[in-house]
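S.K.: Numbering (my numbering), first residue to last: 1004 to 1215. In this text, a Cβ means the ideal position worked out from N, Cα and C, and glycines have one as well.
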Amino acid sequence: MLTFDDLLCRARSLAGGGGRALLGIAGGPGAGKTTLARRLVRELNGTGDPWAVQVPMDGFHLADAELDRLGRRDRKGAPDTFDAAGYAALLRRLRDEADGEDTVYAPGFERVLEQPLAGAVPVPPPVRLVVTEGNYLLLGTGAWRRVRAALDEVWFCESDEDERVRRLVARHEEFGKTHEQAVAWVLRSDQRNAELVAATRERADLVVPLPL
1004 MLTFDDLLCR ARSLAGGGGR ALLGIAGGPG AGKTTLARRL VRELNGTGDP WAVQVPMDGF
1064 HLADAELDRL GRRDRKGAPD TFDAAGYAAL LRRLRDEADG EDTVYAPGFE RVLEQPLAGA
1124 VPVPPPVRLV VTEGNYLLLG TGAWRRVRAA LDEVWFCESD EDERVRRLVA RHEEFGKTHE
1184 QAVAWVLRSD QRNAELVAAT RERADLVVPL PL
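1. By DSSP, does residue 1021 sit in helix, in strand, or in coil?
2. Just list the alpha helix (DSSP H) runs in the segment 1112-1181, keeping only unbroken ones of 4 residues or longer that don't cross its boundaries, in chain order.
3. My understanding is that residue 1157 touches residue 1023, with C-beta atoms under 8 Å, so please give their C-beta distance in whole angstroms.
4. Below 8 Å on the Cβ atoms is my guess for residue 1172 versus residue 1200; work out the distance and round it to an integer in Å.
5. Taking C-alpha atoms, which residue in 1083, 1091 and 1127 lies nearest to residue 1053?
6. Use the C-beta contact count for residue 1035: other C-beta atoms within 10 angstroms, 16 or more gives buried, fewer gives exposed.
7. Going by the beta-carbon positions, is the gap between residue 1146 and residue 1087 smaller than 8 Å?
8. Helix, strand or coil for residue 1089 per DSSP?
9. Quick check on this structure: which residue in 1112, 1016, 1195 and 1084 has the alpha carbon closest to the alpha carbon of residue 1069?
This is the structure we're talking about:
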C-alpha cells in the first residue's frame, strides 16, 4: 500500500538527478491536490533551507473582468478559463532558469478574492523541486499539452467521491456562497470539470489514493 513516506522518497529522487525537477499533482476539484502539495513541500523542506516550493496552477485563472468580457464567468474553473499557455511558459522558465541568478516569481491565488495574484510565489535559484498542482495537468488538448511536457512526473489524486463533493460544497460556503448556491455550482460546474479530469487519469505516472 502506498504511503506518504513513499511519496517523499519519490519526490526526493526526482530532485536528485541534477538541475531542477518539476512535479505535477493533478486531480478533480476537491480531490486534495493542494493539501498534498503543501504537505510534501513542508516535509521536504523540514527545518533547513527551503529547496522545494509549491506553485499553483490556479495562479493562471483569468481575472473575473476578462471572464465577463469572454462570457465565461458562469463556468469559471473550466479549462478555457485559464491562461494555459502562460502556465506552460512559466514551467519552462522555471526549468530553463534554474541555474541563473534571479528569482522567478509565479502568481498565486487568493481564495477570499477568488482572483489570481501576480508575483506572489518566489522561486529562488536554490530551489531544486517545484511542486505544482491543478486540475488539468494531464489534459491533452491545446496549450495544456505543453504543460504536461514541461513536467517530469504527474501524480493523480483519487479520493472518495462523496467526500470530494462534500469538501467542495464546504469550500464554496466558506468563501461566501449559501448552501443552495454551493450545491448548485458543484453539481453544474465543478462536476462537469471533475468528469473531464477523471478521463485523464490513465496518463498519470502514479495514482495516489487519498487520504494516505
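M.R.: Based on what the coordinates show:
1. Translated into positions along the sequence shown, residue 1021 becomes position 18. Taken through DSSP and simplified to helix, strand or coil, residue 1021 comes out as coil.
2. Runs found: 1147-1152 and 1164-1177.
3. As a first step, residue 1157 must be located in the sequence shown, where it is residue number 154. As a first step, residue 1023 must be located in the sequence shown, where it is residue number 20. Contact between residue 1157 and residue 1023 does not hold, since the beta-carbon distance rounds to 16 Å and is not under 8 Å.
4. The residue labelled residue 1172 in the question sits at position 169 within the sequence shown. The residue labelled residue 1200 in the question sits at position 197 within the sequence shown. Between residue 1200 and residue 1172 the Cβ distance is about 18 Å, and since that is not below 8 Å, they are no contact.
5. Locating residue 1053 in the sequence shown gives position 50, where the first residue counts as 1. Ranked by Cα distance from residue 1053, the options 1083, 1091 and 1127 are led by 1127.
6. Working through the sequence shown from its first residue, we reach residue 1035 at position 32. Of the other Cβ atoms in all chains shown, 16 or more fall within 10 Å of the Cβ of residue 1035; this residue is therefore buried.
7. Here residue 1146 refers to the residue found at position 143 when the sequence shown is read from its first residue. Here residue 1087 refers to the residue found at position 84 when the sequence shown is read from its first residue. Taking 8 Å as the Cβ cut-off, residue 1146 and residue 1087 qualify as a contacting pair.
8. As a working mapping, residue 1089 is identified with position 86 in the sequence shown. Three-state result, residue 1089: helix.
9. By one-based count along the sequence shown, residue 1069 stands at place 66. Looking only at 1112, 1016, 1195 and 1084, the smallest Cα-Cα distance to residue 1069 is reached by 1084.
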